[in-house]
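If you're matching positions, the sequence shown starts at 134 in the working numbering and goes up one per residue.
For every residue, glycine included, the Cβ atom is placed at its ideal position computed from N, Cα and C.
First the structure, in the form of structure tokens, and then the observations on it.
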Amino acid sequence: MTEKRGAREIRESQLTPVPNHYPDRDYEVNITLPEFTCLCPISGYPDFAVIRITYVPDQSIIELKSLKLYINKFRDRELFHEQTVNLILDDLVAAVKPRYMQVVGDFNPRGNVKTVVTSEYTRGKDL
């Protein structure tokens, strides 16, 4: 069976920084990814979340199609909620080197438990 184009694009994708045309200005970028999925590492059941990214760029911004494809890579990964949010933050900081970034994972309730994980990066402070 031939691999479909979407599956190939997701598998091969990499976060892509593009030049920020306003690097001397502090401004905030807010991105919402409402269809995030990953798998519970214990049960294998799917977890669903809204991922919210807020950042103040420096020299680069994130190209949004590359972010969409990167986020879709998580659909078959077994990760705890805390791992997921911190991994997304680490990968995005490495890609665009922002002045500030926050990633929030707002996970749907499962088994009467709702989880919201927030992780932040500020340039000059240790993670």
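{"Asked": "8 Å Cβ cutoff met for serine 146 and lysine 206", "Found": "yes"}
{"Asked": "Proximity of cysteine 173 and arginine 210 at Cβ, strictly below 8 Å", "Found": "no"}
{"Asked": "Bridge partner(s) assigned by DSSP for cysteine 171", "Found": "Asp180"}
{"Asked": "Rounded C-alpha distance that separates glutamate 168 from alanine 182", "Found": "7 Å"}
{"Asked": "Unbroken alpha helix (DSSP H) run spanning serine 199, endpoints", "Found": "197-205"}
{"Asked": "From Gly244, Lys247, Lys230, residue whose alpha carbon lies closest to that of asparagine 153", "Found": "Lys230"}
{"Asked": "Host alpha helix (DSSP H) of glutamate 142 (start-end)", "Found": "138-145"}
{"Asked": "Spatially closest choice to alanine 140 from Gln235, Ile204, Asp223, by CA coordinates", "Found": "Ile204"}
{"Asked": "Rounded C-alpha distance that separates valine 162 from proline 190", "Found": "8 Å"}
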